[in-house]
Amino acid sequence: MTRMETVPTDQPITLQPMKSFPIIKDLVTDVSWNYKVNKMIPPFKPRAREADGTWRMAQEEVDRVQEFRKCIECFLCQDVCHIIRDHHMNGDKEMFGGPRFMIRVASLDMHPLDTVNRLPLLKNDLNIGLCNITKCCTEVCPEHIHITDNGIIPLKERVADEYYDPILWLWRKVFGRKEERQTLKELPVVAAKP
Ligand code: SF4
Ligand code: SF4
Numbered sequence: 178m179t180r181m182e183t184v185p186t187d188q189p190i191t192l193q194p195m196k197s198f199p200i201i202k203d204l205v206t207d208v209s210w211n212y213k214v215n216k217m218i219p220p221f222k223p224r225a226r227e228a229d230g231t232w233r234m235a236q237e238e239v240d241r242v243q244e245f246r247k248c249i250e251c252f253l254c255q256d257v258c259h260i261i262r263d264h265h266m267n268g269d270k271e272m273f274g275g276p277r278f279m280i281r282v283a284s285l286d287m288h289p290l291d292t293v294n295r296l297p298l299l300k301n302d303l304n305i306g307l308c309n310i311t312k313c314c315t316e317v318c319p320e321h322i323h324i325t326d327n328g329i330i331p332l333k334e335r336v337a338d339e340y341y342d343p344i345l346w347l348w349r350k351v352f353g354r355k356e357e358r359q360t361l362k363e364l365p366v367v368a369a370k371p
């Protein structure tokens, strides 16, 4: 999608296919592996409506997930991620979901109405712990999504809180887990009946 007027044409311009996925022909690669990862992610499941039949959420929370929904699934972030290249392309059995799917999980998990716990998926199946925050994915995103700062790092913190925080662990043992998120009744309605 880069316009020719934005690049110097007095030098050779190199076009090459993505490196992380098998080449089909010319610049075309087989990215079907990504769609298999996508199917592993449980879909959005909203909590029950308010008594007046609506849902309420803060505008700030809406804005936060809106950034992640700008993704056009170009898979450039997947292509530059060295963890995917090391694990996926070398046939490593330890799966890494990749930045595109970390932000897909973020768009669902940070949604104020969602009720699904995707932390076991992040930790055990998508292996978020393998990401070492090099930010290469963020640098190439054509939609300028802050993949690492706004998506991956907060998700890592949620996983760490869930599995490695001894105080929270003890709290849940004593008081149980709160699956449903709090309803903020004082907030203005921004999502009425669909
Ligand atoms: S920050 Fe993480 S997901 Fe992004 S390219 Fe680096 S290792 Fe991959
Ligand atoms: S680079 Fe950006 S737009 Fe492309 S798949 Fe990754 S997150 Fe989506």
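According to this note's numbering, the sequence shown holds residues 178 to 371 in order.
By construction, the Cβ of each residue, glycine as well, lies at the ideal position given by its N, Cα and C atoms.
These numbers come from a predicted model, not from an experiment.
Please confirm whether any heavy atom of ligand 1 lies closer than 7 Å to the CB of I249. Sequence index remark: in the sequence shown, residue 249 carries index 72 (1-based). No, the Cβ of I249 stays beyond 7 Å of every heavy atom of ligand 1.
Report the option in D256, F273, D326 and K312 whose CA atom is closest to the CA atom of P199. For the purposes of this step, residue 199 is taken as the residue at position 22 of the sequence shown. Nearest C-alpha to P199: D256.
In terms of alpha-carbon separation, which member of V317, W346, G230 and V239 lies closest to F252? Mapped onto the sequence shown, residue 252 falls at position 75. Measuring from the Cα of F252, the nearest candidate turns out to be V317.
Segment contact, 8 Å Cβ cut-off, at least three pairs: the region 235–245 with the region 301–317: no
State the start and end residues of the unbroken alpha helix (DSSP H) segment that holds I344. For this step, residue 344 is matched to residue 167 along the sequence shown. That run of the alpha helix (DSSP H) goes P343 to F352.
CA-CA distance, D342 and G328? Counting from 1 along the sequence shown, the entry for residue 342 is found at position 165. Counting from 1 along the sequence shown, the entry for residue 328 is found at position 151. If I take the Cα positions, the gap works out to 20 Å.
Do you know whose CA, among N294, V282 and F352, lies nearest F396's CA? Because residue 396 is not part of the residues shown, which for the chain are 178 to 371, the question remains open.
Cβ-heavy atom distance between E134 and ligand 2 below 7 Å? Outside the displayed range of the chain (178 to 371) lies residue 134, so it cannot be described from this structure.
For P223, does the three-state DSSP call read helix, strand or coil? The count along the sequence shown starts at 1 and reaches residue 223 at position 46. Residue state, collapsed to three classes: strand.
Contact set for Q193: own chain, Cβ-Cβ below 7 Å, skip 5 residues either direction: Sequence index remark: in the sequence shown, residue 193 carries index 16 (1-based). Within the same chain, Q193 has no close Cβ partners at all.
Quick check: the Cα distance between K118 and E339, rounded to an integer number of angstroms? Outside the shown range of the chain, which is 178 to 371, sits residue 118, and nothing can be said about it.
Can you look up D291 in the DSSP assignment and give me helix, strand or coil? Taking the sequence shown and counting its residues from 1, the one referred to as residue 291 is at position 114. Strand, per DSSP.
According to the neighbour-count rule (16 or more other Cβ atoms, all chains shown, within 10 Å of its Cβ), is R180 buried or exposed? Taking the first residue of the sequence shown as position 1, residue 180 is located at position 3. Result: exposed.
Identify the residues that DSSP records as bridge partners of T325: which are they? Your numbering for residue 325 matches position 148 in the sequence shown. According to DSSP, which records beta bridges pairwise, T325 is partnered with nothing at all.
Please tell me whether L285 and L332 are closer than 8 Å, where the distance is taken between their beta carbons. For this step, residue 285 is matched to residue 108 along the sequence shown. For this step, residue 332 is matched to residue 155 along the sequence shown. In this structure, L332 does not lie closer than 8 Å to L285 by Cβ.
On the criterion of 16 or more Cβ atoms from any shown chain inside 10 Å, does H259 qualify as buried, or is it exposed? Taking the first residue of the sequence shown as 1, we reach residue 259 at position 82. Exposed.
Kindly indicate which three-state DSSP category K196 falls into: helix, strand or coil? Within the sequence shown, the letter at position 19 stands for residue 196. Residue state, collapsed to three classes: coil.
For ligand 2, is there any heavy atom lying closer than 7 Å to the beta carbon of L253? The sequence position of residue 253 within the sequence shown is 76, counting from 1. Yes, Cβ of L253 sits closer than 7 Å to a heavy atom of ligand 2.
If the criterion is Cβ atoms closer than 8 Å, does the pair M272 and D302 meet it? As a working mapping, residue 272 is identified with position 95 in the sequence shown. As a working mapping, residue 302 is identified with position 125 in the sequence shown. Cβ distance < 8 Å, so M272 and D302 count as in contact.
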